[in-house]
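Q: Chains as they are written, first to last, in numbering that gives the first Met the number 0: chain A, 0 to 218; chain B, 0 to 218. All C-beta atoms in this analysis are idealised placements derived from N, C-alpha and C, irrespective of residue type, glycine included.
There are 2 protein chains.
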Amino acid sequence: MAGLTAPLLGLEKKSLREQALSALRTAITSGELEPGRHLVETELSEMLQISRGTLREALRQLEQEGLLSAGPRGRLSVRHLDEKEIRDIYSVRAALESLAARTLCELPDRQQVTDSLHKAIDAMDAAAGGSLEGRIESDLEFHRTLCRLTGNETLLHSWESLEGSIRMSIMFAGLEKGVSNMSVDRHKDIVAAIDTGDAALARKTILEHMDTAAANLVA
Amino acid sequence: MAGLTAPLLGLEKKSLREQALSALRTAITSGELEPGRHLVETELSEMLQISRGTLREALRQLEQEGLLSAGPRGRLSVRHLDEKEIRDIYSVRAALESLAARTLCELPDRQQVTDSLHKAIDAMDAAAGGSLEGRIESDLEFHRTLCRLTGNETLLHSWESLEGSIRMSIMFAGLEKGVSNMSVDRHKDIVAAIDTGDAALARKTILEHMDTAAANLVA
DNA sequence: CTACTCCCGACTGTAGACAGTCGACTTATG
DNA sequence: CATAAGTCGACTGTCTACAGTCGGGAGTAG
Chain A
0 MAGLTAPLLG LEKKSLREQA LSALRTAITS GELEPGRHLV ETELSEMLQI SRGTLREALR
60 QLEQEGLLSA GPRGRLSVRH LDEKEIRDIY SVRAALESLA ARTLCELPDR QQVTDSLHKA
120 IDAMDAAAGG SLEGRIESDL EFHRTLCRLT GNETLLHSWE SLEGSIRMSI MFAGLEKGVS
180 NMSVDRHKDI VAAIDTGDAA LARKTILEHM DTAAANLVA
Chain B
0 MAGLTAPLLG LEKKSLREQA LSALRTAITS GELEPGRHLV ETELSEMLQI SRGTLREALR
60 QLEQEGLLSA GPRGRLSVRH LDEKEIRDIY SVRAALESLA ARTLCELPDR QQVTDSLHKA
120 IDAMDAAAGG SLEGRIESDL EFHRTLCRLT GNETLLHSWE SLEGSIRMSI MFAGLEKGVS
180 NMSVDRHKDI VAAIDTGDAA LARKTILEHM DTAAANLVA
């Protein structure tokens, strides 16, 4: 039954909380729930067909991810980003990813690392002709992989906490501006820098990449 | 009534969720809830005298802060840190705070910044002879101030998300080891570096500070 | 004595209901 | 007519109750 085990390994049993979390995150970062919009718990729980208690747990997490901002009396609304905040988000992102790049440079065996990164770039290549959403996804996947490969769970977690804000930044700036940051070549430069093992170079490459990206978004 | 307004500005109206959050965070970072300990919702809600729903919202946030880890079927337990994780946490912390230092160096008017930092150092001085807890608090307050002064809310938020893990690291290593990192002089060096406006120097000073701190903790 | 099965207790996932509070609209009053 | 008081509706904060699921111990067959 070797061939049968694969589809039998765990049925999709995500809790309603997690499902609600994904659904809301997508709705916000896609702009379906526009920035500034007031979120009413009773309304949302009815739309999602879940109880308020379950919903509130999900909202709490989105709040901490920076996708929602709390007003008086616990009123939640979709966060609105201005240009300074986008630059700030990208500063932090740059700091995290430059740490990732530096860390990867110091790894003894970088072969697997660059292999994985090249695969991620291939995925970007494949998505290059496709939808804007697909290109964004493959781009973010590349950068998430960068963090994951370090083996530093805290780093990965911090980056993922920022991911929602990054997506909002792209949406806020407009998807067209966002994808202009996703040139495959620029990402190859990053991998090449890591491949040399030169931590300072890798850091510099990432910082420049992020600087350009932020500049493009707020332009 | 000028003298009377101060105590009348807003009655302490923290929600039960926030109170529970503080109480649990303190209990965990103080070691009252030892690492690995299983947290049972019904038990905790009875101890804190709040409903499970309210408690769950607080637990969810602690989970995201990295103070709790989730087992199978949503069982939560107090996270246990090994030495690698402590180093990882301090790597991320170093990346964030070096960004803070760099940012502060680029500020046009650094006078207020260094003033605030000197005040924070004075507080450390005052606490130097006191309890271990007091010294830790004033140390963390210094570093939090460093992030706050940048005006980068995302940076501050990311740092605060890490704060719980930092406190756990100190507790895990033992408070005595922790306070050995809190020499007032070493912090004066940081402020001095920022004062020069030399971003590279400030960054280097912070990175070394964190490197030493992490090394002390896992020693 | 071993292994397998069944049942019970414990705990989390989820739902629904009640209570308190604030804003907006209405009404009374000078 | 303008201002202040009163009233209504909406929404969040909180609690209690119910359902589902897993782990472990008792019981039984081989």
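#1: Any C-beta of chain B within less than 9 Å: which residues of the region 205-216 of chain A qualify?
#2: Going by beta carbon distance, what residues of the same chain come within less than 7 Å of B:Ala-213, once the five residues before and after it are set aside?
#3: Are the C-beta of B:Arg-59 and some C-beta of chain A separated by less than 7 Å?
#4: According to DSSP, is A:Ala-69 helix, strand or coil?
#5: Following a CB-centred definition, is B:Gly-35 positioned closer than 6 Å to any heavy atom of the ligand MN?
#6: With distances taken Cα to Cα, identify the nearest neighbour of B:Met-167 among B:Arg-72, B:Leu-139, B:Leu-106 and B:His-208.
#7: Going straight from the alpha carbon of A:Thr-28 to that of B:Leu-106, what length do you get?
#8: What residues of chain A sit near B:Gln-63, judged by a beta carbon separation below 7 Å?
#9: Which residues of the region 134-159 of chain B have a Cβ closer than 7 Å to any Cβ of chain A? Give them in chain order.
#10: With H, G and I counted as helix, E and B as strand and the rest as coil, what does DSSP make of A:Val-112?
#11: Measure from the alpha carbon of B:Gly-52 to the alpha carbon of each residue in B:Ile-189, B:Asp-210, B:Ala-19 and B:Leu-116, then state which is nearest.
#12: Using a cut-off of 8 Å between C-beta atoms, extract the partners of B:Ile-27 located in chain A.
#13: Let me know the alpha helix (DSSP H) ranges lying completely inside the region 7-37 of chain A, each 4 residues or longer, listed in chain order.
#14: Tell me, which residues are paired with A:Val-183 by DSSP?
#15: Please tell me whether B:Ala-19 has its Cβ less than 7 Å away from any Cβ of chain A.
#16: Excluding sequence positions up to five away, which residues of its chain have a Cβ less than 7 Å from the Cβ of A:Gly-9?
#17: Per the DSSP calculation, B:Leu-75 is bridged to which residue(s)?
#18: Say whether chain A places a C-beta atom closer than 7 Å to the C-beta of B:Asp-87.
#19: So is B:Thr-153 buried or exposed if we call it buried at 16+ other beta carbons inside 10 Å?
#20: Where A:Lys-187 and A:Lys-203 are concerned, what is the direct C-alpha to C-alpha distance, given to the nearest angstrom?
#21: Alpha carbon to alpha carbon, how far is A:Ala-191 from A:Arg-185? Give it in angstroms, no decimals.
#22: Taking contact to mean at least 3 C-beta pairs separated by less than 8 Å, is the region 133-149 of chain A in contact with the region 104-119 of chain A?
#23: If you measure between the beta carbons of A:Gly-93 and A:Leu-206, is that distance less than 7 Å?
#24: Can you name the residues of chain A whose CB is closer than 7 Å to the CB of B:Arg-55?
#25: Excluding the five sequence neighbours on either side, which residues of its own chain have a C-beta within less than 8 Å of the C-beta of A:Gly-35, listed in chain order?
#26: So, is A:Val-178 buried or exposed, given that buried needs 16 or more other C-beta atoms within 10 angstroms?
#27: Run down chain A in chain order and give the residues with a C-beta less than 8 Å from the C-beta of B:Glu-105.
#28: Of all the CB atoms in chain B, is at least one closer than 7 Å to the CB of A:Gly-52?
#29: Return no unless some Cβ of chain B is closer than 7 Å to the Cβ of A:Arg-202.
#30: Pull up the CB-CB distance for B:Leu-103 and B:Thr-149, whole angstroms please, since I reckon it's below 8 Å.
#31: Determine the direct distance from the alpha carbon of A:Gly-30 to that of A:Gly-133, and round the result to whole angstroms.
#32: In chain order, what residues of the same chain have a beta carbon less than 6 Å from the beta carbon of B:Phe-171, not counting five sequence neighbours either side?
#33: Using a Cβ-Cβ cut-off of 7 Å, state whether B:Val-190 counts as contacting chain A.
#34: Tell me which same chain residues have a C-beta within less than 6 Å of the C-beta of A:Val-217, skipping the five on either side of it?
#35: Do B:Leu-61 and B:Leu-15 count as a contact pair if the criterion is CB distance below 7 Å?
A: Here's the rundown:
#1: Hits within the stretch: zero.
#2: Correct list, in chain order: Ile-85, Arg-86 and Tyr-89.
#3: Answer yes: the Cβ-Cβ gap between B:Arg-59 and chain A drops below 7 Å somewhere.
#4: In this structure, A:Ala-69 counts as strand in the three-state DSSP scheme.
#5: Absence of the ligand MN is noted for the structure shown, with no ligands found whatsoever.
#6: Among B:Arg-72, B:Leu-139, B:Leu-106 and B:His-208, the Cα nearest to that of B:Met-167 is on B:Leu-139.
#7: For A:Thr-28 and B:Leu-106, the distance between alpha carbons rounds to 32 Å.
#8: The contacting residues are Gln-60 and Gln-63.
#9: If the cut-off is 7 Å between Cβ atoms, the region 134-159 of chain B has Asn-151, Glu-152, Thr-153, Leu-154, His-156 and Ser-157 near chain A.
#10: A:Val-112 falls in the helix class under three-state DSSP.
#11: Of the candidates B:Ile-189, B:Asp-210, B:Ala-19 and B:Leu-116, the one whose C-alpha sits nearest the C-alpha of B:Gly-52 is B:Ala-19.
#12: Residues of chain A whose Cβ lies closer than 8 Å to the Cβ of B:Ile-27 do not exist, since the nearest Cβ in that chain is about 17 Å away.
#13: Unbroken alpha helix (DSSP H) runs of no fewer than 4 residues, entirely contained in the region 7-37 of chain A, are found at 15-28, following chain order.
#14: None, per the DSSP bridge assignment.
#15: Cβ-Cβ to chain A under 7 Å: no for B:Ala-19.
#16: For A:Gly-9, the predicted structure reports a pLDDT of 47, less than 50, and the residue's modelled location is therefore unreliable. The matter cannot be settled from this model.
#17: In the DSSP output, where bridge partners are listed per residue, B:Leu-75 has B:Leu-38 and B:Ala-69.
#18: Chain A contact via Cβ: present.
#19: Per the 10 Å Cβ criterion, buried.
#20: Distance between A:Lys-187 and A:Lys-203, taken at the CA atoms: about 14 Å.
#21: In this model, A:Arg-185 and A:Ala-191 are separated by some 10 Å (Cα to Cα).
#22: At 8 Å Cβ cutoff, the stretches touch.
#23: Strictly speaking, residue 93 of chain A in this sequence is Ala, with Gly absent from that position. Taking 7 Å as the cut-off, the beta carbon of A:Ala-93 is found closer than this to the beta carbon of A:Leu-206.
#24: Chain A residues near B:Arg-55: Glu-56.
#25: Cβ neighbours of A:Gly-35 beyond the five flanking positions: Ser-76, Val-77 and His-79.
#26: The C-beta of A:Val-178 has 16 or more other C-beta atoms within 10 Å across all chains shown, which makes the residue buried.
#27: At a C-beta separation below 8 Å, B:Glu-105 has no neighbours in chain A, since its nearest C-beta there lies roughly 11 Å away.
#28: Chain B contact via Cβ: present.
#29: No, its Cβ sits nowhere closer than 7 Å to a Cβ of chain B.
#30: B:Leu-103 to B:Thr-149, Cβ: 6 Å. Contact.
#31: It is roughly 16 Å from the alpha-carbon of A:Gly-133 to the alpha-carbon of A:Gly-30.
#32: Counting only Cβ-Cβ distances below 6 Å, and skipping sequence neighbours, we find Leu-80.
#33: Taking Cβ atoms only, chain A never reaches closer than 7 Å to B:Val-190, which makes this a no.
#34: Glu-82 and Ile-85, listed in sequence order.
#35: At the C-beta level, B:Leu-15 and B:Leu-61 stay beyond 7 Å of one another.
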